[in-house]
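Mind the numbering: the sequence shown is residues 470 to 620 in the numbering used here, read in order. Each residue gets a CB set at the ideal place from its N, CA and C atoms; glycine is no exception. Treat the numbers as computed from the prediction; the structure is a model and nothing was measured. Working notes, structure below.
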Amino acid sequence: MDITREEAEQIIETAKVITEELTWNRVRRRRNEAWKLSVSFQTENGDMLKLIGNVSDNYSFALIYKGKPIRKYTVHTSPHTDPISGIKYQEPHKHIWDDQFEDKCCYVPDDISLTDINDAFLDFIKECKINLQSNYNRVSFSARPASERQW
Numbered sequence: 470m471d472i473t474r475e476e477a478e479q480i481i482e483t484a485k486v487i488t489e490e491l492t493w494n495r496v497r498r499r500r501n502e503a504w505k506l507s508v509s510f511q512t513e514n515g516d517m518l519k520l521i522g523n524v525s526d527n528y529s530f531a532l533i534y535k536g537k538p539i540r541k542y543t544v545h546t547s548p549h550t551d552p553i554s555g556i557k558y559q560e561p562h563k564h565i566w567d568d569q570f571e572d573k574c575c576y577v578p579d580d581i582s583l584t585d586i587n588d589a590f591l592d593f594i595k596e597c598k599i600n601l602q603s604n605y606n607r608v609s610f611s612a613r614p615a616s617e618r619q620w
């Protein structure tokens, strides 16, 4: 089933609650340290969602609905080109859902921490209208935050 931009935005704007403790799990890799976080939860309307996070040399957070990332924040070294504007983004950016281009549309946000990955994650869930009613276990990531990178 296709997701419309309107449906995705409605899911984003609906208040959501996570009661499960949020914990990053270390993933073994040869080259670098990596961390993953994943929690599934339901909206008041019964829609199933998943919140995921990935941190290694790069990092990203996403809100998943029907298997699709309807909102995503990414910090990575390769550029991303927005299919509508044609703008090439090298700096940290958010992806928004679009009927035609799925999660390829993006913009540079001004509401997410660039100095701390944990704070960036908490800013992301706040933007997604997720109320965290449990513990969030901060991690001292070895990945550099966005503020320490060259764009």
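Could you tell me which uninterrupted beta strand (DSSP E) segments, each at least 3 residues in length, are contained entirely in the segment 547-607, listed from first to last along the chain?
Runs found: 562-567, 571-576 and 599-601.
Taking only the alpha-carbon atoms, compute the straight-line gap between Val690 and Asn514 and give it to the nearest angstrom.
Residue 690 lies beyond the residue range present for the chain, which begins at 470 and ends at 620; the question has no answer from this structure.
I need the DSSP call for Ile480, collapsed to helix, strand or coil.
Taking the sequence shown and counting its residues from 1, the one referred to as residue 480 is at position 11. Of the three classes helix, strand and coil, the one that applies to Ile480 here is helix, per DSSP.
Would you list the one or two residues that DSSP bridges to Trp504?
Residue numbering aside, residue 504 sits at position 35 when the sequence shown is read from its first letter. Answer is Arg495 and Val524.
Output the boundary residues of the beta strand (DSSP E) element that contains Pro614.
Within the sequence shown, numbered from 1, the residue matching residue 614 stands at position 145. It is not in any beta strand (DSSP E) - Pro614 carries neither H nor E in the DSSP assignment.
Would you grab the beta carbon distance between Leu520 and Ile553 for me? Rounded to a whole angstrom, and I think it's under 8 angstroms.
In the sequence shown, the residue the question calls residue 520 occupies position 51. In the sequence shown, the residue the question calls residue 553 occupies position 84. Not really, about 26 angstroms apart at Cβ, beyond 8 angstroms.
Of all the options Phe610, Glu482 and Asp588, which has the alpha carbon lying nearest to the alpha carbon of Lys505?
Counted from its first residue, the sequence shown places residue 505 at position 36. Measuring from the Cα of Lys505, the nearest candidate turns out to be Phe610.
Under the rule that 16 or more other beta-carbon atoms within 10 Å means buried, what is Pro451, buried or exposed?
A question about residue 451 goes unanswered here, because the residues of the chain that appear run from 470 up to 620.
Which one of Tyr534, Tyr528 and Gly555 has the shortest CA to CA distance from Tyr542?
Taking the sequence shown and counting its residues from 1, the one referred to as residue 542 is at position 73. The candidate whose alpha carbon is nearest that of Tyr542 is Tyr528.
Arg498 to Ala612, Cα distance in whole Å?
In the sequence shown, residue 498 corresponds to position 29, counting from 1. In the sequence shown, residue 612 corresponds to position 143, counting from 1. Rounded to the nearest angstrom, the two C-alpha atoms are 14 angstroms apart.
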